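Beneath this line is the structure, given in structure tokens, with notes to follow.
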Amino acid sequence: MKKLIKGGTIVTAADLVQGDILIEGERIAAIGEKIAAPDAEIVNAEGLYVFPGGIDPHTHLDMPFGGTVTKDDFASGTVAAAFGGTTTVLDFCLARKGRPLREAVETWHAKARGKAVIDYGFHLMIPEMGDEVMAELPVIMNEEGITSLKIFMAYKNVFQVDDGTLFRTLLAAREHGALVMVHAENGDVIDALVAKALAEGNTDPIYHARTRPPELEGEATGRAAALTALADSRLYVVHVTCAEAVARIAEARSKGVRIFGETCPQYLVLDESYLEKPEFEGAKYVWSPPLRTKDHQEALWNALRSGQLQAIGSDQCSFDFKGQKELGRGDFSKIPNGGPTIEDRFTLLYSEGVAKGRITLHQFVDLVATQAARLFGLFPKKGTIAAGSDADLVLFDPNVKRTISAASHHMAVDYNAFEGMEVRGEPVSVLSRGRFVVRDRQFVGEFGAGRYLRRGRFGVGPQAAGAGLTAAR
Numbered sequence: 432m433k434k435l436i437k438g439g440t441i442v443t444a445a446d447l448v449q450g451d452i453l454i455e456g457e458r459i460a461a462i463g464e465k466i467a468a469p470d471a472e473i474v475n476a477e478g479l480y481v482f483p484g485g486i487d488p489h490t491h492l493d494m495p496f497g498g499t500v501t502k503d504d505f506a507s508g509t510v511a512a513a514f515g516g517t518t519t520v521l522d523f524c525l526a527r528k529g530r531p532l533r534e535a536v537e538t539w540h541a542k543a544r545g546k547a548v549i550d551y552g553f554h555l556m557i558p559e560m561g562d563e564v565m566a567e568l569p570v571i572m573n574e575e576g577i578t579s580l581k582i583f584m585a586y587k588n589v590f591q592v593d594d595g596t597l598f599r600t601l602l603a604a605r606e607h608g609a610l611v612m613v614h615a616e617n618g619d620v621i622d623a624l625v626a627k628a629l630a631e632g633n634t635d636p637i638y639h640a641r642t643r644p645p646e647l648e649g650e651a652t653g654r655a656a657a658l659t660a661l662a663d664s665r666l667y668v669v670h671v672t673c674a675e676a677v678a679r680i681a682e683a684r685s686k687g688v689r690i691f692g693e694t695c696p697q698y699l700v701l702d703e704s705y706l707e708k709p710e711f712e713g714a715k716y717v718w719s720p721p722l723r724t725k726d727h728q729e730a731l732w733n734a735l736r737s738g739q740l741q742a743i744g745s746d747q748c749s750f751d752f753k754g755q756k757e758l759g760r761g762d763f764s765k766i767p768n769g770g771p772t773i774e775d776r777f778t779l780l781y782s783e784g785v786a787k788g789r790i791t792l793h794q795f796v797d798l799v800a801t802q803a804a805r806l807f808g809l810f811p812k813k814g815t816i817a818a819g820s821d822a823d824l825v826l827f828d829p830n831v832k833r834t835i836s837a838a839s840h841h842m843a844v845d846y847n848a849f850e851g852m853e854v855r856g857e858p859v860s861v862l863s864r865g866r867f868v869v870r871d872r873q874f875v876g877e878f879g880a881g882r883y884l885r886r887g888r889f890g891v892g893p894q895a896a897g898a899g900l901t902a903a904r
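To convert, take the position in the sequence shown, counting from 1, and add 431; that gives this note's numbering.
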């Protein structure tokens with residue numbers, strides 16, 4: 432059945448118009464003023480913004496880590512994402528040394544199958560880059576449409592690879608049209624600092640931050656940027672937290688290096704002091720890289736405003752406080768790393784960014800949807816509002832004032848990292864490919880209706896086109 436979204440303020444990364452959107456099937460058929468479609472279901476959007484569905488390029492759903500598994504899987508995680516205004520998530524397949532890449536991809540397909548209520552795609556972690564991986568990688572890219580590769584420079588003896596592996600991955604990405612993503616922290620020095628802290632009896636959650644100082648994120652970011660330049664490749668730095676990393680990215684970009692950066696809402700609104708909460712409550716805020724002192728927040732906002740950072744991911748990686756985070760009582764290094772952020776990413780950026788005058792409406796859309804679509808081979812199918820694009824839409828009330836709380840969120844986890852924070856704005860209804868997933872703040876979606884997305888290669892195809900209301904064909 433056709434749907435006609437009437438009277439909303441339509442906002443993309445490039446345009447703002449008052450008008451209607453006609454949906455036929457899964458796609459946007461037309462955009463204009465006073466569209467006549469007598470056979471269409473009318474959806475009143477007066478007084479609301481109509482945004483492209485958010486794209487979260489950084490989630491960890493149903494992920495094993497630290498002797499446990501994240502609390503939110505592809506069912507609860509994508510329901511929460513939809514309530515938060517996100518219609519596409521990109522999750523990470525964690526490959527293992529000595530095992531085929533295909534095994535990890537199939538494992539993640541099984542995790543998502545029959546559960547996801549919105550569309551999803553995968554990045555692929557690279558644990559090594561020997562001859563077998565080099566041979567299998569182009570096959571996986573061709574058959575699965577996975578065109579982004581994840582490298583860890585931290586988590587020594589778990590995920591961390593050496594610089595040679597990073598460099599070979601950058602070369603392979605250049606050859607095959609992929610984008611390399613990097614967790615940039617100096618894992619070797621962190622390992623030494625953690626051992627020293629524990630030996631001195633410093634076991635509380637705050638020492639998670641103090642053993643992962645911003646200098647080590649800046650150093651690793653600069654090193655990855657230098658290797659990217661040497662390989663003539665391209666790099667996406669995930670979860671940037673500090674002024675040191677921003678400076679290394681900006682410096683590399685000024686020299687023409689193809690490097691992009693992402694930050695997350697938690698780094699924009701929370702700070703290191705949260706790890707000092709009493710009664711082990713600081714463990715709720717243990718993730719990597721850690722929260723920084725408050726002065727780093729302005730550096731991140733400036734980088735978003737100036738375009739030195741291009742995207743906002745959630746880094747959703749939720750563990751219950753009771754029974755999971757508590758695994759690290761008496762040893763901060765055993766606290767499962769991660770937090771629940773998928774549901775509040777969209778609104779926090781609007782409330783703290785647009786409503787407080789830090790960024791424009793167009794920058795907001797670019798950061799929560801359009802740039803991720805461009806960088807990860809989804810544009811203009813996703814990430815914009817245009818004739819021919821998927822009808823992924825968020826009807827957003829900018830005037831609602833509410834308080835974030837675990838009592839009202841839709842994640843399965845037992846706490847909210849932003850508990851008690853007052854925000855402005857709320858998604859009212861959310862459509863994925865023309866079907867309502869959330870309607871009038873009620874879940875009306877279907878488990879398993881989310882579709883796996885095979886993505887285009889980096890820098891190839893229509894994602895190089897404009898982001899305006901008529902960009903898609």
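We treat Cβ as the ideally placed atom computed from N, Cα and C, and that holds for glycine.
In this text the structure is predicted, and so the values were computed from the model without any measurement.
Where residue i sits in the DSSP three-state scheme
i: N573; result: helix
i: G528; result: Before going further, note that residue 528 is Lys rather than Gly in the sequence given. DSSP places K528 in coil when its eight states are reduced to three.
i: A896; result: Annotation note: pLDDT 38 at A896 (below 50); position unreliable, no value reported.
i: G865; result: coil
i: K787; result: coil
i: E693; result: strand
i: P645; result: helix
i: E707; result: helix
i: Y716; result: helix
i: H614; result: strand
i: A471; result: coil
i: L740; result: coil
i: E877; result: coil
i: L666; result: strand
i: R760; result: coil
i: Q802; result: helix
i: V442; result: strand
i: E905; result: Within the shown structure, residues of the chain are numbered from 432 to 904, placing residue 905 beyond reach of any answer.
i: F943; result: Since the displayed the chain opens at 432 and closes at 904, residue 943 lies outside it and no answer follows.
Rounded Cβ spacing between residue i and residue j (contact assumed at less than 8 Å)
i: L779; j: P709; result: Not quite, the Cβ-Cβ distance comes to about 25 Å (not below 8 Å), so this is no contact.
i: T517; j: G485; result: 4 Å
i: L722; j: L731; result: With 8 Å as the limit, L722 and L731 do not qualify as a contact, their Cβ atoms being about 12 Å apart.
i: V717; j: H639; result: 5 Å
i: T659; j: V688; result: 6 Å
i: M431; j: A526; result: Because residue 431 is not part of the residues shown, which for the chain are 432 to 904, the question remains open.
i: A786; j: R855; result: 5 Å
i: I459; j: G819; result: 7 Å
i: D503; j: M842; result: 5 Å
i: D487; j: A512; result: 6 Å
i: Q755; j: T509; result: Actually they do not touch by this definition, with Cβ atoms about 21 Å apart.
i: T642; j: L624; result: 4 Å
i: L701; j: L798; result: With 8 Å as the limit, L701 and L798 do not qualify as a contact, their Cβ atoms being about 18 Å apart.
i: A683; j: L597; result: Rounded, the Cβ-Cβ distance is 15 Å, inconsistent with contact.
i: V548; j: V868; result: 6 Å
For residue i: DSSP bridge partner residues
i: P771; result: Answer is none; P771 lacks a bridge partner.
i: D522; result: T490 and F553
i: F496; result: T499
i: I452; result: I436 and I462
i: R723; result: According to DSSP, which records beta bridges pairwise, R723 is partnered with nothing at all.
i: K581; result: M556 and M612
i: S860; result: L826
Residue i CB to nearest heavy atom of the ligand GTP below 7 Å
i: A837; result: With respect to the ligand GTP, the structure shown offers nothing to examine, as it has no ligands at all.
Whether residue i touches residue j by CB criterion (8 Å)
i: G450; j: E472; result: no
i: D562; j: T519; result: no
i: R776; j: G515; result: yes
i: L699; j: E783; result: yes
i: N617; j: M584; result: yes
i: H489; j: G770; result: no
i: M560; j: A615; result: no
i: F752; j: P636; result: no
i: A435; j: V474; result: Reading off the sequence, residue 435 comes out as Leu, not Ala. In this structure, V474 lies closer than 8 Å to L435 by Cβ.
i: A657; j: L601; result: no
i: L749; j: T501; result: Per the sequence shown, the amino acid found at residue 749 is Ser instead of Leu. The answer is yes: Cβ separation under 8 Å.
i: A676; j: E648; result: yes
i: F889; j: L610; result: yes
i: D845; j: A838; result: no
i: G497; j: N768; result: yes
i: L826; j: G439; result: yes
i: I582; j: M612; result: yes
i: T772; j: A848; result: yes
i: E693; j: H727; result: no
i: T815; j: P483; result: yes
i: I462; j: I441; result: yes
Problem set entry | Sufficient close CB pairs (3 or more, under 8 Å) joining the segment 532-543 to the segment 562-571 | Yes, the segment 532-543 touches the segment 562-571.
Problem set entry | Cβ contact check for the segment 866-886 and the segment 534-544: 3 or more pairs under 8 Å | Contact between the segment 866-886 and the segment 534-544 is present, because at least three Cβ pairs lie under 8 Å.
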